[in-house]
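Student: Quick note: the sequence shown uses my numbering, first residue 168, plus one each step. Let me begin by handing over the structure; questions about it come next.
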Amino acid sequence: MFARFARAQDASSRIAFVAVVGCVLLAAWSLWFFLARVALYEVSRSARLESASHDIDAPLSARLLRSNLVLDHQVKEGDVLVELDSETLRLERVAEALDAVHERTRGFRVRILLEVTAGGGTELGGRVAHLSEIMRRVKLPERLG
């Protein structure tokens, strides 16, 4: 008789253990079901993708040297999308530097001589057009030669 009682006790403790595990799993699933965020995607044959073009206003004019744009490529902050030739900006900086020299040498008879650099025309100052642009941009072009 004791053996039957012990077997019944074992069976009831197993049932209780399975019931407790089941309740814990049900509680965990319920928490996930009500609190978790799940992304749902729906496939549609009649989807429409709207897009708009956005103008990008550049503070200077430049030539496009290289484009790193790839279709369906995710862009992160800091990614270089395009590389521009900053010749205009560099000419402006040279003109500003010459203006600074003129400001520091005010009262002196100083004339700065510019010359075309030798080369294939790829460097700043490699073309006469560069020099004429610099002379056009400085505040005191009469002090240049």
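Even glycine gets a Cβ: it sits at the ideal position worked out from N, Cα and C.
#1: From E270 to E300, what does the alpha carbon distance come to, in whole angstroms?
#2: Would the segment 278-285 count as touching the segment 243-252 if we require 3 or more Cβ pairs under 8 Å?
#3: Using CA coordinates, which residue listed in L193, L202, A186 and H297 is at the minimum distance from V261?
#4: What are the boundary residues of the alpha helix (DSSP H) that includes D252?
#5: To the nearest whole angstrom, what separates the beta carbons of L311 and M302, a pair I think is in contact under 8 Å?
#6: Using the three-state DSSP reduction, which class does S179 fall into: helix, strand or coil?
#7: Secondary structure at R233, three-state DSSP: helix, strand or coil?
#8: Check for me: the alpha helix (DSSP H) holding R278 runs from which residue to which?
Tutor: Inspection of the coordinates gives the following:
#1: By 1-based counting over the sequence shown, the position of residue 270 is 103. By 1-based counting over the sequence shown, the position of residue 300 is 133. In this structure, the straight-line span from the alpha carbon of E270 to that of E300 is close to 20 Å.
#2: No, the segment 278-285 does not touch the segment 243-252.
#3: The count along the sequence shown starts at 1 and reaches residue 261 at position 94. Selected option, being the one with the closest Cα: H297.
#4: On the sequence shown, residue 252 is found 85 positions in, with the first residue counted as 1. The continuous stretches of alpha helix (DSSP H) do not include D252, which lies in the beta strand (DSSP E) extending over residues V249 to D252.
#5: Residue 311 sits at position 144 when you count from the first residue of the sequence shown. Residue 302 sits at position 135 when you count from the first residue of the sequence shown. Contact flag correct, Cβ pair sits at about 5 Å.
#6: The sequence position of residue 179 within the sequence shown is 12, counting from 1. Residue state, collapsed to three classes: helix.
#7: Taking the first residue of the sequence shown as 1, we reach residue 233 at position 66. Strand at R233.
#8: In the sequence shown, the residue the question calls residue 278 occupies position 111. Here R278 belongs to no alpha helix (DSSP H), and DSSP marks it neither H nor E.
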